[in-house]
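Numbering (full-length UniProt numbering), first residue to last: 1 to 116.
Below, the structure written as structure tokens:
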């Protein structure tokens, strides 16, 4: 797979993809300030249609993905959700590699990892 940054969201409580989750990608500079780069929404497959960063846009540094899951749970009329926003802060240290950051979500918790 070519270099770039992608993500997807799976709702483990519903055993499938999480459609309609707003995802915000930010670059975090050395002073800790954030610069919003991309805002996207997951599709019916729980994926963002285009890479969040293409191979040409990859720059080493610290990034944060913010998954707006509270609005997702309200939209599907879930009984409750402990979570409102899930932040995932990570480092891109090799712009020649592909970075995939999936989110496995439930109303009371989440997990993430560097996928392939």
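In this text, a Cβ means the ideal position worked out from N, Cα and C, and glycines have one as well.
Bear in mind that the values here come from a model prediction, so they are computed numbers and not experimental data.
- Around the beta carbon of residue 71, fewer than 16 other beta carbons sit within 10 angstroms, so the residue counts as exposed.
- Restricting attention to 92, 91, 75, 90, the CA atom closest to the CA of residue 84 is found in 75.
- Under the three-state reduction of DSSP, residue 40 is assigned to strand.
- Contact annotation: residue 26 and residue 66 have beta-carbon atoms nearer than 9 Å.
- By the neighbour-count criterion, in which 16 or more other beta carbons inside 10 Å mark a residue as buried, residue 87 falls on the exposed side.
- When the beta-carbon positions are compared, residue 55 and residue 116 stay at least 9 Å from each other.
- One alpha carbon belongs to residue 46, the other to residue 5, and they sit about 15 Å apart.
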